[in-house]
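**Q** Heads up: the protein sequence lines correspond to chains A and B, in order.
One point on numbering: in the working numbering, the residue at position 275 of the first sequence is 1357, and numbering is uninterrupted.
One point on numbering: in the working numbering, the residue at position 132 of the second sequence is 324, and numbering is uninterrupted.
Here it is, the structure in full.
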Amino acid sequence: MLIRRQPDLTYADVTPKGFYMGRRNFLLGLLATGAAVEAYKKLPGLVSAASIGSVPVKLDGVVKWPGSTTDTLTPIEKVTTYNNYYEFGTDKDDPAKNAKNFVTSPWTVSVEGEVAKPRKFTMDEILKLAPLEERIYRHRCVEAWSIVVPWIGYSFSTIAKLVQPTEKAKFVAFETYYDSRQMPLGSQAGIQLPYVEGLRLDEAMNPLALLCVGMYGETLPNQDGAPVRMVIPWKYGFKSIKSLVKIRFVKGQPPTTWNMYGGGTEYGFYSNVNPNVDHPRWSQASERRLGPGLGLFTKKIPTLMFNGYGDQVASMYNGMDLRKNF
Amino acid sequence: MLNSVLTSKWTKLVVFAACLVPIAVLVWRGIHQDLTADPIAFITHTTGDWTIRFIVITLAITPLRKILHLPQLIRFRRMLGLFAFFYVCLHFTTWIWLDKGFVWSEMWKDVEKRRFITVGFTGFVLLIPLAITSTAGWIRRLGGKRWQMLHRLVYVTAVLGVIHYYWLVKSDVRKPLFYGLLVAILLAWRFATWLIGRRSRPTAGSVRREAPVTAETA
């Protein structure tokens, strides 16, 4: 018996040329997409460093603030190569290496929450909100070393007054920029990111609380928190949050990164410099000042209550047990 | 070929020189003002890192020589162990001299109060008798078995060293965990061979299992 087999495929089954060409185009498109993604990944390296804000530039019209400390400045090379910025690696010299191509332009800071006039500020606006002051502050790290830095900026209260916090606002929450593409080491930092910090409203409004845009006469280097950061000189360094993108006025005490870490084993919300309250693993009674030279045999100096800024800030903590609220 | 390299006195000299490279680099960088912004912290961390590395290398000798059938490796063990002691001495000296400025009361306060220093200090103290009794004379005086028992203290130091490192870092525990893993593997190997040895041993306890200990094999 002859079995007539129907042909499996008829002319109607032939893939139309358009589709077939489409596949080719699709493949080409795929390649192009891949190339674009690669190019995007390399973007920070391809675009000139100046246009993305990677290289510090001189700041003009900076006036000297009268309250500066007369302590010897820490050389800029030390302030730019010895950083805690875990988004760019946990070793002290990591941020200087890994933050080179961090894109800080364009940049906006969103100020929101319990305010009458929430608003986004561009970097250009921030640079022009008030006359820039050079303020030489002592900066005490929780790790018992300290530096003396000529920061540039103005009191944070300037920006606060523009957005008009309502009566409900009792605290201010700050947030650092976080992008795992630009900060691939962030996932290994061991802390939750984005980095968040907070201050009580009166602390944030204290004239010493600095909204900082530069140091040593120039805009901030990336590893030091470009393009805009906070500097809170009477608190341990980690309270001085870097690369700010969000400021939120809130009713309740906001969570902070190092409070959340390890179930609050590191430090409390206030984290005021206090020689009488030790870190769980080391004494805070003295500090190593990073100055010019190797300083191998330089004696440690005693740490001062509120890092020596007691006259300006101590009254905010009247009646508070600073051993409990550390 | 490998055998002649491993038994050559020149190899020992080369290994000795190699063990001095970390301290040489440190001195070189010191001369060139290149010890980071916080030189004391940098020296402390560098000497501490090399201490745990040398402890791990020393502990790896026995497994390596058994697994690779290279008994000659034993020639290097004492030297490597003493280099671990050399770097821990530098580590301790950096702390007590450059960091504490020889204020012994400060030092004791830290040892008592801070658990990472307590365990680190304990690990250091436990190495002292091992360094002292590392000579052929001491092996003879103590007798191989007792000497070996004493020198098992290095297991305790290795574990304390890892804990010291783990408690010291703030949040990024990858490095201490890495050394912890190495120490765990090396100790687990010893435990496993001990278990196997116990099982396969003839019931009579009179059979001598190991060759007598000498300065070279110890």
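Even for Gly, the Cβ is constructed at its ideal location relative to N, Cα and C.
Along the chain, where does the alpha helix (DSSP H) that runs through residue 1278(A) open and close?
**A** It is not in any alpha helix (DSSP H) - residue 1278(A) instead sits in the beta strand (DSSP E) that spans 1278-1282.
**Q** Is the Cβ of residue 1275(A) closer than 8 Å to any Cβ of chain B?
**A** Chain B, which has no Cβ nearer than 8 Å to the Cβ of residue 1275(A), makes this no.
**Q** If you drop the 5 nearest sequence neighbours on each side, which residues of the same chain put their C-beta closer than 6 Å to that of residue 1192(A)?
**A** Here the set comprises 1202, 1328.
**Q** Considering only their Cβ atoms, is the gap separating residue 1338(A) from residue 1271(A) smaller than 8 Å?
**A** No, the Cβ-Cβ distance between residue 1271(A) and residue 1338(A) is not below 8 Å.
**Q** In angstroms, rounded to a whole number, what distance separates the CA positions of residue 1363(A) and residue 390(B)?
**A** Answer to the nearest angstrom: the Cα atoms are 43 Å apart.
**Q** Could you please tell me which residues of the region 1225-1256 of chain A, in chain order, have their CB closer than 9 Å to any CB of chain B?
**A** Cβ contacts with chain B: 1225, 1227, 1229.
**Q** Work out the CA separation of residue 1361(A) and residue 294(B) for me, nearest whole Å.
**A** Using only the alpha carbons, I get a separation of about 22 Å.
**Q** Is residue 1249(A) helix, strand or coil by DSSP?
**A** Correct three-state label for residue 1249(A): coil.
**Q** What do you get for residue 1353(A), buried or exposed, if any count of 16 or more other CB atoms within 10 angstroms of its CB means buried?
**A** With 16 or more other Cβ atoms within 10 Å, it is buried.
**Q** Could you please give the first and the last residue of the uninterrupted alpha helix (DSSP H) stretch that includes residue 358(B)?
**A** Start and end: 345-360.
**Q** So residue 299(B) and residue 208(B) are in contact, right, with Cβ under 8 Å, and what is the actual spacing, rounded?
**A** At roughly 32 Å, the Cβ-Cβ gap does not stay under 8 Å, so residue 299(B) and residue 208(B) are not in contact.
**Q** Determine the direct distance from the alpha carbon of residue 1222(A) to that of residue 360(B), and round the result to whole angstroms.
**A** One C-alpha to the other measures close to 19 Å.
**Q** Per DSSP, what kind of secondary structure is residue 1223(A) in: helix, strand or coil?
**A** Coil.
**Q** How many Å lie between residue 259(B) and residue 269(B) at the Cα?
**A** Between residue 259(B) and residue 269(B), the C-alpha separation is close to 16 Å.
**Q** CB residue 1160(A) to CB residue 233(B), shorter than 8 Å?
**A** Not a contact, by the Cβ cut-off of 8 Å.
**Q** Report the residues of the region 218-236 of chain B with a CB closer than 9 Å to any CB of chain A, ordered along the chain.
**A** Listed in sequence order: 222, 225, 227, 228, 229, 230, 231, 232, 233, 234, 235.
**Q** Pick out the complete beta strand (DSSP E) segments inside the region 1186-1224 of chain A, 3 residues or longer, and give them in chain order.
**A** Counting whole runs of 3 or more residues, the region 1186-1224 of chain A contains the beta strand (DSSP E) stretches 1190-1195, 1201-1204, 1215-1222.
**Q** Can you name, in chain order, every residue of its own chain whose Cβ lies under 8 Å from the Cβ of residue 255(B), other than the five neighbours on each side?
**A** Excluding residues within five positions, the ones whose Cβ falls inside 8 Å are 378, 381, 382.
**Q** Just checking my contact of residue 1313(A) with residue 1196(A) at CB under 8 Å: how many whole Å lie between their CB atoms?
**A** With a Cβ gap of about 24 Å, residue 1313(A) and residue 1196(A) do not count as contacting.
**Q** Which runs of the beta strand (DSSP E) at least 3 residues long sit entirely within the region 226-254 of chain B? Give them in chain order.
**A** Counting whole runs of 3 or more residues, the region 226-254 of chain B contains no beta strand (DSSP E) stretch at all.
**Q** Under the three-state reduction of DSSP, which class applies to residue 1285(A): helix, strand or coil?
**A** If DSSP states are grouped into helix, strand and coil, residue 1285(A) belongs with the helices.
**Q** Less than 8 Å between the CB atoms is what I'm expecting for residue 1295(A) and residue 1235(A), so what's the real figure, rounded?
**A** About 5 Å; that satisfies the 8 Å criterion.
**Q** At a CB-CB cut-off below 9 Å, which residues of chain A make contact with residue 360(B)?
**A** Going along chain A in sequence order, the residues near residue 360(B) (Cβ under 9 Å) are 1363.
**Q** What's the gap between the Cα of residue 245(B) and the Cα of residue 371(B)?
**A** Straight-line Cα distance between these residues: approximately 8 Å.
**Q** What number of angstroms, rounded off, separates the C-alpha of residue 1126(A) from the C-alpha of residue 312(B)?
**A** Unreliable positioning characterises residue 1126(A) in this predicted model, as indicated by a pLDDT of 47, which lies under 50. The coordinate reading is nonetheless provided below. Cα to Cα, the separation comes out at about 44 Å.
**Q** In the DSSP output, which residue or residues are listed as bridge partners for residue 1233(A)?
**A** DSSP lists 1217(A), 1297(A) as partners of residue 1233(A).
**Q** Is residue 214(B) helix, strand or coil when you go by DSSP?
**A** Looking at residue 214(B) - three-state DSSP - the assignment turns out to be helix.
**Q** Do we get a CB-CB distance below 8 Å when we pair residue 294(B) with the residues of chain A?
**A** False, the Cβ-Cβ gap to chain A never drops below 8 Å.
**Q** DSSP has residue 1369(A) in a bridge; who is on the other side?
**A** 1383(A), per the DSSP bridge assignment.
**Q** Report the rounded CA-to-CA distance for residue 337(B) versus residue 321(B), giving the unit in angstroms.
**A** Cα to Cα, residue 337(B) sits roughly 16 Å from residue 321(B).
**Q** Would you kindly work out how many angstroms separate the C-alpha atoms of residue 304(B) and residue 1320(A), rounded to a whole number?
**A** So the alpha carbons of these two residues sit roughly 28 Å apart.
**Q** Considering only residues of the same chain and omitting the five flanking positions on each side of residue 1276(A), which have a CB-CB separation below 6 Å?
**A** The answer, listed in chain order, is 1257, 1258, 1260.
**Q** Just grab the DSSP bridge partners of residue 392(B) for me.
**A** In DSSP, residue 392(B) forms no bridge with anything.
**Q** Can you check which of these residues, 1238(A), 1401(A), 1359(A), is closest to residue 1226(A) by C-alpha distance?
**A** Of 1238(A), 1401(A), 1359(A), the residue nearest in Cα terms is 1359(A).
**Q** Report the partner residues of residue 1146(A) according to the DSSP bridge assignment.
**A** The partner list for residue 1146(A) (beta bridge, DSSP) reads 1216(A).
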